[in-house]
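Chemist: Position one of the sequence shown corresponds to residue 42 (my numbering), numbered consecutively onward. Take a look at the following structure, please.
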Amino acid sequence: MASNPVVIRDTFQKYVSQGLDILHISFSSALSGGCSNVMAGARDICEENPGAKIIVVDTLNASIGEGMFAMKAVQLKEEGKTIDEVASWLEEHKMEYCVRFTVDDLFHLQRGGRISKASAVIGSLMSVKPILRVDEEGRLVPYTTVRGRKKSLSFLVNEMLECIGKYKDEPDIIGIAHGDCPEDAEYLANLVKEALPHKQTVITYISPSIGSHSGPGAVGFCFRGEKR
42 MASNPVVIRD
52 TFQKYVSQGL
62 DILHISFSSA
72 LSGGCSNVMA
82 GARDICEENP
92 GAKIIVVDTL
102 NASIGEGMFA
112 MKAVQLKEEG
122 KTIDEVASWL
132 EEHKMEYCVR
142 FTVDDLFHLQ
152 RGGRISKASA
162 VIGSLMSVKP
172 ILRVDEEGRL
182 VPYTTVRGRK
192 KSLSFLVNEM
202 LECIGKYKDE
212 PDIIGIAHGD
222 CPEDAEYLAN
232 LVKEALPHKQ
242 TVITYISPSI
252 GSHSGPGAVG
262 FCFRGEKR
């Protein structure tokens, strides 16, 4: 669901009136009209308030991917970076934030129009688990399938190791998100720790906007890699 334009304007005006600069880290413009609404609201408020600064970063990402942008922004601010430097860093490195996840219930994807009803029925009978990613254009796309829940989670880690490249040895945080399946999220976190013991992991819930499409049982992560 796109952000309400009135709420956006009121929120921006509240902080601009306090003399604060604003960095808005936005959900992918390819998945929602919210980013466009935010950009329009930012332009209006800046026109009405000369000297106001509102920077909008379109993450071209979602859920835990968007969250990892926010965590990085806080880290950079704490390191003494200015708002412009933080925004510039996020824009320059946005394609390095890679999201992979799998779902447990194919019928949620079918209801969202991402797969056919026949594919959902056959896939469920065969215990097929689709693997999805957020692509370079910020879209949520299924790109392969794996049979079995545990195998699908292991596949996610193998995907990470294939894409992580030069960031393999960096002490980055890997964010894990789940749709009300904490045991599977912990299982995935343990696989990550076995493969990359120097990485930190954080676990949270999938956002409602993504969860409404992926359903309960969805689990995945965001890591920093050389390619999405």
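Beta carbons are placed, not taken as given, at the ideal position from N, Cα and C, and that holds for glycine. The structure presented is a predicted model; accordingly, all values stated were derived computationally and were not measured.
Go ahead and pull the three-state DSSP assignment for A161.
Modeler: Any answer about A161 is weak, because its pLDDT of 47 lies below 50 and its placement is not dependable; what the coordinates show is given next. It is helical.
Chemist: Compare the Cα-Cα distances from L232 to each of C222, L202 and S58 and report the closest residue.
Modeler: Among C222, L202 and S58, the Cα nearest to that of L232 belongs to L202.
Chemist: Does the Cβ-Cβ distance between L72 and A103 come in under 8 Å?
Modeler: In this structure, A103 lies closer than 8 Å to L72 by Cβ.
Chemist: Just to confirm my understanding: we take Y138, look at its own chain, exclude 5 residues before and 5 after, and list those with CB closer than 7 Å. What are they?
Modeler: Counting only Cβ-Cβ distances below 7 Å, and skipping sequence neighbours, we find N102, G106, M109, F110, C263 and R265.
Chemist: Quick check on R269: buried or exposed, where buried means 16 or more other Cβ atoms within 10 Å of its Cβ?
Modeler: Classification for R269: buried.
Chemist: Can you tell me the Cα-Cα spacing of S255 and D221, whole angstroms?
Modeler: When rounded, the distance between both Cα atoms is 11 Å.
Chemist: Look up C222 in the DSSP assignment and give the residues it is bridged to.
Modeler: For C222, which the question treats as bridged, DSSP gives no partner whatsoever.
Chemist: Assess, as a yes-or-no matter, whether the region 205 to 213 is touched by the region 79 to 94 under the definition of 3 or more beta carbon pairs within less than 8 Å.
Modeler: At 8 Å Cβ cutoff, the stretches do not touch.
Chemist: Using the Cα positions of V169 and K192, report the straight-line distance between them to the nearest angstrom.
Modeler: The alpha-carbon atoms of V169 and K192 are separated by roughly 10 Å.
Chemist: What are the residues that DSSP puts in a beta bridge with F142?
Modeler: Beta-bridge pairing links F142 to L173 and G261.
Chemist: Is DSSP giving R188 helix, strand or coil here?
Modeler: Strand, per DSSP.
Chemist: For the region 55 to 133, list the beta strand (DSSP E) runs that are entirely contained and at least 3 residues long, ordered along the chain.
Modeler: As far as the region 55 to 133 is concerned, its whole beta strand (DSSP E) runs of at least 3 residues are 63 to 67 and 95 to 99.
Chemist: Please report the distance separating the alpha-carbon of L197 from that of I124.
Modeler: Near 34 Å, if we compare the C-alpha coordinates of I124 and L197.
Chemist: Out of V57, S253 and P171, point me to the one whose CA is closest to R190's CA.
Modeler: The option with the nearest alpha carbon to R190 is P171.
Chemist: Take the Cβ of S58 as the centre, count every other Cβ of all protein chains shown within 10 Å, and call the residue buried at 16 or more, exposed below.
Modeler: So S58 counts as exposed.
Chemist: Distance, Cα to Cα, A161 vs K118?
Modeler: Because A161 sits at a pLDDT of 47, beneath the cut-off of 50, its placement in the model cannot be relied upon, and the following sentence gives the value as read from the coordinates. Cα to Cα, A161 sits roughly 45 Å from K118.
Chemist: Report buried or exposed for T185, applying the criterion of at least 16 other Cβ atoms within 10 angstroms of its Cβ.
Modeler: With fewer than 16 other Cβ atoms within 10 Å, it is exposed.
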